[in-house]
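Notes follow the structure.
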Ligand SMILES: [Mg+2]
């Protein structure tokens, strides 16, 4: 294996170009050596992706929506405990989701709007990341195990062009405790990345960002899978990580010059 550190862009991240070799070991060594760091390990100079697929909760927004919603129902400890176990990969995602949603039965639809307005804030740098990639011709997709009722307005605010999410079932202004349609889980996240990449064409360059265990297959499938302030399992599976800064760290790692970032 040969490797060279191609760029140390102060105060940005470290791009590590590795030609062959054992990436898992390399990743582990770099992580332990530089922790905390912003790092991207790639087999050639990183390029601007043609497709960006991102997780929402704790990646594009600074909360887990279902935990915040649970707070309105007075169920936060019960639900947060299940969320954490799911994110750590200790609990099957679909079971954990259905269990938590059932606990929310009877919650008013208005609680969602109140949650959004008072508790859901974008992750710093999220809009700059999305708008900058879009300006460079990249398609942007928000894919979440959370809910359309949150993801649609978040996508609108951050500039994402497409949303794939779960949908809370609502009847007579109240959550029924059920979900409508199929479940968006780790397999769907990965499938969305692969399908959208195929639409672009063979060899499309893709970027995925996420923080949890259910993001791992998507992070692995992407050309650049970057773990953002992530749980250990997601970090280990990714091609890179951002530990130190906001989401513009992803642009640093991709080598997008700051004077080309879109701040609007
Ligand atoms: Mg997440």
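Residue numbers (our numbering): 486 to 749.
C-beta: ideal position from N, C-alpha, C; glycine also.
Tell me the rounded alpha-carbon separation between residue i and residue j.
i	j	result
residue 630	residue 503	33 Å
residue 639	residue 626	12 Å
residue 648	residue 634	11 Å
residue 746	residue 587	42 Å
residue 676	residue 691	13 Å
residue 561	residue 584	13 Å
residue 591	residue 556	14 Å
residue 709	residue 730	18 Å
residue 597	residue 657	14 Å
residue 540	residue 739	18 Å
residue 736	residue 613	9 Å
residue 750	residue 508	The requested residue 750 is not part of the displayed model; the chain covers only 486 to 749.
residue 527	residue 579	32 Å
residue 532	residue 650	28 Å
residue 742	residue 525	16 Å
residue 516	residue 684	34 Å
residue 606	residue 632	16 Å
residue 510	residue 722	11 Å
residue 604	residue 563	19 Å
residue 554	residue 506	45 Å
residue 548	residue 600	11 Å
Do residue j and residue i have their beta-carbon atoms positioned less than 9 Å apart in this structure?
i	j	result
residue 695	residue 518	no
residue 659	residue 594	yes
residue 570	residue 558	no
residue 716	residue 572	yes
residue 622	residue 500	no
residue 724	residue 698	no
residue 522	residue 498	yes
residue 654	residue 662	yes
residue 645	residue 615	yes
residue 589	residue 551	yes
residue 628	residue 669	yes
Can you find the residues in the same chain that come closer than 6 Å, C-beta to C-beta, to residue i, ignoring five residues on each side of it along the sequence?
i	result
residue 520	none
residue 611	545, 643 and 732
residue 489	The predicted position of residue 489 is uncertain, since its pLDDT is 44 and thus under 50; no value can be drawn from it.
residue 713	544, 694, 696 and 727
residue 565	552
Taking only beta-carbon positions, decide if residue i is within less than 9 Å of chain C.
i	result
residue 714	In the structure shown, chain C does not exist; there is a single protein chain.
Which same chain residues end up closer than 7 Å to residue i when comparing Cβ atoms and leaving out the 5 residues on each side of it in sequence?
i	result
residue 482	Limits of the chain in this structure are 486 at one end and 749 at the other, which puts residue 482 out of reach.
residue 619	625 and 644
residue 637	648
residue 705	722
residue 719	695, 696, 697, 698, 700, 701, 704 and 712
residue 494	Model confidence at residue 494 stands at a pLDDT of 40, short of 50, so the residue's coordinates are unreliable; what they give is reported in the following sentence. The residues are 737.
Looking only at its chain, what residues have a beta carbon closer than 8 Å to the beta carbon of residue i, apart from the 5 residues adjacent to it on each side?
i	result
residue 664	582, 583, 586, 651, 652, 653 and 654
residue 749	616
Answer yes or no: the CB of residue i versus the heavy atoms of ligand 3, is any distance below 8 Å?
i	result
residue 541	By its list of ligands, the structure shown excludes ligand 3, since it contains just ligand 1.
Query raised in the report: What residue ranges within the region 512-558 form continuous beta strand (DSSP E) runs of no fewer than 3 residues, ordered along the chain?
Result: 523-527 and 536-539
**Report entry** Complete alpha helix (DSSP H) runs within the region 682-729 (minimum length 4 residues, chain order)
**Finding:** 701-706 and 717-722
Query raised in the report: Residue ranges of each alpha helix (DSSP H) run of no fewer than 4 residues wholly in the region 606-641, ordered along the chain?
Result: 611-620
Query raised in the report: What runs of the alpha helix (DSSP H), each 4 residues or longer, lie entirely inside the region 568-610?
Result: 578-588 and 594-604
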